[in-house]
Amino acid sequence: MPANIRTNLKKARGYPYKVFFILFILSCQLQTDVNEVRDESELIHVLNSNLTNAILQDGFSPPVASRIYAYCNIAAYECLVQRNEAYRSLTTQLNDFSEYPIVNETSYDEQIALIVAFSEVAKELVYRDYIIDSLQSKLLRRYIMEHDDEVIAMSLEFGQSISRHIIEWSSEDGYNKTRNYPLYTPLETSGTWVPTPPTYKDAIEPYWGELRTFILDSASQFTPSPPDAFSPDSGSTFYQAAYVVYEAVNNLDSTQLKIARHWDCNPAVSINTGHMMYAKRQLTPGGHWMGIVRLVTRMKQLDLLATTNAYTRVSLGIADGFISSWDEKYRSHLIRPETYIQRYIDVNWRTILETPMFPEHTSAHSVISASAATVLTDLFGENFEYLDSVNVPFGLPPRFFNSFYEAADEAAVSRLYGGIHYRPAIEYGLDQGKEIGTFIVDRLNVLAQ
-9 MPANIRTNLK KARGYPYKVF FILFILSCQL QTDVNEVRDE SELIHVLNSN
41 LTNAILQDGF SPPVASRIYA YCNIAAYECL VQRNEAYRSL TTQLNDFSEY
91 PIVNETSYDE QIALIVAFSE VAKELVYRDY IIDSLQSKLL RRYIMEHDDE
141 VIAMSLEFGQ SISRHIIEWS SEDGYNKTRN YPLYTPLETS GTWVPTPPTY
191 KDAIEPYWGE LRTFILDSAS QFTPSPPDAF SPDSGSTFYQ AAYVVYEAVN
241 NLDSTQLKIA RHWDCNPAVS INTGHMMYAK RQLTPGGHWM GIVRLVTRMK
291 QLDLLATTNA YTRVSLGIAD GFISSWDEKY RSHLIRPETY IQRYIDVNWR
341 TILETPMFPE HTSAHSVISA SAATVLTDLF GENFEYLDSV NVPFGLPPRF
391 FNSFYEAADE AAVSRLYGGI HYRPAIEYGL DQGKEIGTFI VDRLNVLAQ
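Sequential numbering from -9 applies to the sequence shown in the numbering used here.
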């Protein structure tokens, strides 16, 4: 980087030290993925794809991943909306998201600011921040070549100011506080959740329902119908619901197996090789739907702001969906089908998918899929046909859908085919997710009046 740029950057008022470090390493060689950012909308795709890579390598759980996607995309959106009269800021629309000082000068580049804001928030939230930092450096090196010193300095400062505001806001959502809460102790009753094979690990994020929601009034705003009363009696409704799962897995056809695999979305599948067990990385449920956003926004050839808006709205629906579902999971503490069936129906029975490490009711995959589908339907219409190729890099074939709701319904029923959810948790979860998505669509006013 030319010396005069570094000199002028040091003059930027309130400029933090870590930006100097960013600029110092901008001389690294660009890779192919950066060179392929040929139009402006590809910028947010590349950033989100790289974020997904970091989330994958870190092995974040589905709820934690959803939080990361939301904050990063909010930061990106806020960088773009300031000078666009067609869209509104999310400040005052999201819970406790206060207004922040805006840059009055027009001499800044939105894309440089977006790169900085998205990346700095991401580095605060992931473990392997070098994955984020590497792409940030390459992107900035490319974009700063198009501007003079003053524009570069102002753009970097604006991006940093947005990221600082988002990071401070995120620090108050309850996440950090719950890191210090005690481990979850399973309830000692016959109808409640216990750890399941093959890992028998502790319950994931038992306090997630206590986090501040993004848009919902509270985690319990859309409390789903409760599960059926537990009973080991073969004539009970609960037994019959478990038997439906038992029969579904035992009679699975090839199409149903493909559906189960396509929507598995377990970020750490346990693989046994002899006496060794290791985790195979996959997309989270939220990561899968964020990949769908990438596919459909490319199909529609949306501009950068419209694309970022889609990522942001869907990420909010997913994040609040997880908080809402987790609120119910750790209220009902319901036993998983695998545990029930092996106790009361068939001790040798096995699931198709690995049972997730948290209580059963409701199906979070159903909730967030219905929520995401509702937001996407509002954006792109009822009968939007697309080919879901998100899992192709993971060795799975693409699947065609006639609508987002068709995809959400398939994602939901995949939990039955996989043997990890009762049908009531699936159906109630879909209802819960649609309520959440509808609320977000109705409440979030991103377009200027």
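Heads up, the beta-carbon is just placed ideally off N, CA and C, and yes, glycines get one too.
Determine the burial state of residue i: buried for a count of at least 16 other Cβ atoms within 10 Å of its Cβ, exposed for fewer.
i	result
residue 312	buried
residue 267	exposed
residue 11	Unreliable positioning characterises residue 11 in this predicted model, as indicated by a pLDDT of 36, which lies under 50. The coordinate reading is nonetheless provided below. Counting Cβ neighbours within 10 Å, residue 11 comes out exposed, since fewer than 16 surround it.
residue 261	exposed
residue 116	buried
residue 423	buried
residue 337	exposed
residue 256	buried
residue 452	The shown model of the chain, from -9 to 439, leaves out residue 452, and the question about it has no answer.
residue 71	buried
residue 135	exposed
residue 390	exposed
residue 113	buried
residue 434	buried
residue 84	buried
residue 426	buried
residue 225	exposed
residue 270	exposed
residue 382	exposed
residue 76	exposed
residue 319	buried
How about residue i and residue j: are their beta carbons less than 9 Å apart?
i	j	result
residue 36	residue 146	no
residue 52	residue 276	yes
residue 34	residue 294	yes
residue 190	residue 144	no
residue 219	residue 228	yes
residue 342	residue 407	yes
residue 61	residue 160	yes
residue 66	residue 302	yes
residue 361	residue 416	no
Helix, strand or coil for residue i? Go by DSSP, reduced to three states.
i	result
residue 168	helix
residue 364	helix
residue 19	Interpretation of residue 19 is limited by its pLDDT of 31, a score under 50 that renders its predicted location unreliable; no figure is taken from the coordinates.
residue 13	The predicted model places residue 13 with a pLDDT of 36, which falls under 50 and marks its position as unreliable; any figure quoted below should be read in that light. Residue state, collapsed to three classes: helix.
residue 428	helix
residue 302	helix
residue 81	coil
residue 146	helix
residue 182	strand
residue 133	helix
residue 177	coil
residue 292	coil
residue 192	coil
Going by DSSP, what residues sit across from residue i in a beta bridge?
i	result
residue 108	DSSP lists no partner for residue 108.
residue 262	267
residue 389	378
residue 324	182
residue 125	Per DSSP, none; premise fails for residue 125.
residue 437	77
Does the beta carbon of residue i fall short of 8 Å from some heavy atom of the ligand ZN?
i	result
residue 280	Absent from the structure shown: the ligand ZN. Ligands present: none.
Please decide whether residue i counts as near chain D, where near means a Cβ-Cβ distance under 9 Å.
i	result
residue 411	Among the protein chains of the structure shown there is no chain D, as only one such chain exists.
Return the chain-ordered ranges of every beta strand (DSSP E) run that is complete within the region 392 to 425 and spans a minimum of 3 residues. The qualifying runs do not exist here; there are none.
Mind pulling the alpha helix (DSSP H) runs of 4 or more residues that sit fully within the region 205 to 281? Runs of the alpha helix (DSSP H) inside the region 205 to 281: 227 to 240 and 244 to 252.
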